[in-house]
Amino acid sequence: MTTRVLVTGGCGFIGSCFVRLLIDEESDVEVMNLDALTYAGNPRNVEAVAGSPRYRFEHGDIRDEALVARLVEGADWVVNFAAESHVDRSTSERAGEFIETNVLGAYVVLEMTRRHAPGARFLQVGTDEVYGDVAWPGFPDEQAPLHPSSPYSAAKAGADHVALAFARTHGLDVIVSRCTNNYGAYQYPEKMIPLFVTNALADEPLPLYDGGTQVRDWLRVEDHCRALLLLLRRGASGEVYNIGANQDPEVPNKDLTAMILEACGKPASLIRPVEGLRPGHDQRYAVDTAKIRALGWSPRLDLSDGIAETVAWYRERRDWWEPIKSGEYRKFYEELYGSGS
Ligand code: NAD
Ligand code: TYD
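Heads up, the sequence shown is in this note's numbering, so the first residue is 329 and it goes up one at a time.
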């Protein structure tokens, strides 16, 4: 039997990986991709599957109730990726768009699902950043209190709460995932890894914040997407699942930067230390992933192989990132880091 899936934000980094995974590997799945094509949404991310008869695209906003009501009709799964996703934008600009899309938008998709596809399984794609700064050696499990630090993570925490409230109040079949930092192909070059890789390949400085002592638990995007598919198939209704690589030993940003420079064949002199740019910068993210691992999931590639694979992709696909870096993003980058960057 065909599974009909409404994906929101499927032209972004993770959403497009999920769409490609569904179309390439799941022959019994049909995908409707709803995306507003903000600066981060790029139709080129899904061009490899756009010709499939099992794929459809709708250009629109998740806050548009009538549109979401129409698209969700008949869906078996609803997967909400759509969000404003960049922490630096949420701290350096007005954060209204983060609250609007990440909280109100998630509410609209939930409400329209409840009304028009009440039997659907709803996956709210969340982030480990909702736990806030995690003191070493802690690993918050899914019951840990939420302490979001940035407007981005606060808005994502809001969406988690609304989604879980819909499970409890309305009996909607909701799952919330909370994944650690992703990396891989088609990631908008504002996040650390694609920014550093593309800058290094272009012999431009790598703006390393606050001494690079912060720790993130980097997970390859394909591993995240396979975890999400597993949750849709086997996750328990009303539950939260952490997803993460559990890097051991943990990798601070400065070590990751060295790994990227080595994979690019570039010198450490490209590193440009930047202090105080990210107010409220969280020192460490880490999560307890026992719950999803008990379902049989584990990451397929380790970090150094994943970085090598990622650098090779950005080396090959200048046609993808050079136009992005010369356009709207250039303006944001110059405002953030100064025009000498
Ligand atoms: P992204 O910024 O690359 O993509 C976001 C997508 O959502 C874009 O295609 C954009 O056009 C679309 N979008 C934005 N506002 C919209 C709206 N109002 N209506 C419809 N579409 C809209 O983000 P990403 O890195 O792919 O993240 C996807 C999701 O995963 C987000 O919810 C994010 O919070 C979550 N997440 C990201 C990471 C990470 O490391 N990137 C980790 C864990 C969780
Ligand atoms: P980022 O990729 O923005 O993800 P998040 O803020 O969601 O964790 O940043 C990852 C880490 O890299 C974070 O500690 C901030 C740091 N960073 C830099 O040092 N320089 C940069 O230019 C960026 C974008 C991030």
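Think of the CB as a built atom: it goes at the ideal place given N, C-alpha and C, for glycine as much as any other residue.
Residue interval of the alpha helix (DSSP H) (run including residue i)
i: His-387; result: Not the alpha helix (DSSP H): His-387 falls in the beta strand (DSSP E), residues 383-387.
i: Asn-581; result: 581-592
i: Val-437; result: 434-444
i: Ala-618; result: 618-621
For residue i: DSSP bridge partner residues
i: Asp-363; result: His-387
i: Glu-358; result: Arg-332
i: Val-453; result: Ser-505
i: Ile-342; result: None, per the DSSP bridge assignment.
i: Arg-612; result: Val-543
i: Val-458; result: None; Val-458 has no bridge partner.
i: Val-568; result: Val-504
Beta carbon of residue i nearer than 8 Å to that of residue j
i: Val-602; j: Pro-535; result: yes
i: Pro-479; j: Phe-426; result: yes
i: Phe-346; j: Val-437; result: no
i: Leu-623; j: Leu-558; result: yes
i: Arg-554; j: Trp-625; result: yes
i: Arg-687; j: Gly-512; result: The chain is shown from 329 up to 669; residue 687 falls before or after that span and cannot be answered.
i: Arg-506; j: Val-568; result: yes
i: Tyr-459; j: Val-357; result: no
i: Gly-388; j: Leu-395; result: yes
i: Gly-540; j: Lys-582; result: yes
i: Asn-370; j: Arg-384; result: no
i: Ile-503; j: Ser-565; result: yes
i: Trp-405; j: Ala-434; result: no
i: Gly-673; j: Val-335; result: Nothing can be reported for residue 673: it is not among the residues displayed for the chain, which extend from 329 to 669.
i: Arg-442; j: Leu-500; result: yes
i: Leu-529; j: Tyr-642; result: yes
i: Thr-429; j: Ile-390; result: yes
i: Tyr-537; j: Leu-605; result: yes
i: Tyr-613; j: Phe-341; result: no
i: Ala-586; j: Asp-545; result: no
i: Phe-409; j: Gly-338; result: yes
i: Val-431; j: Ala-487; result: yes
i: Lys-484; j: Thr-455; result: yes
i: Ala-491; j: Gln-452; result: yes
i: Thr-617; j: Ile-571; result: yes
i: Leu-598; j: Leu-589; result: yes
i: Asp-551; j: Pro-627; result: yes
i: Gln-575; j: Leu-664; result: no
i: Val-359; j: Arg-382; result: yes
Extent of the continuous beta strand (DSSP E) run through residue i
i: Pro-601; result: 599-602
i: Tyr-642; result: Tyr-642 -> not in any beta strand (DSSP E); alpha helix (DSSP H) instead, spanning 631-644.
i: Val-374; result: Neither: Val-374 is in no beta strand (DSSP E) and is coded neither H nor E.
i: Arg-574; result: In the sequence under discussion, the amino acid at residue 574 is Asn, which differs from the Arg named in the question. Asn-574 -> no beta strand (DSSP E), and no H or E assigned at all.
Complete runs of the alpha helix (DSSP H) confined to the segment 385-431 [at least 4 residues]: 393-400, 415-420, 424-427
Those runs of the alpha helix (DSSP H) which lie wholly inside the segment 468-555 and span at least 4 residues: Here the runs fully enclosed are 479-498, 520-529.
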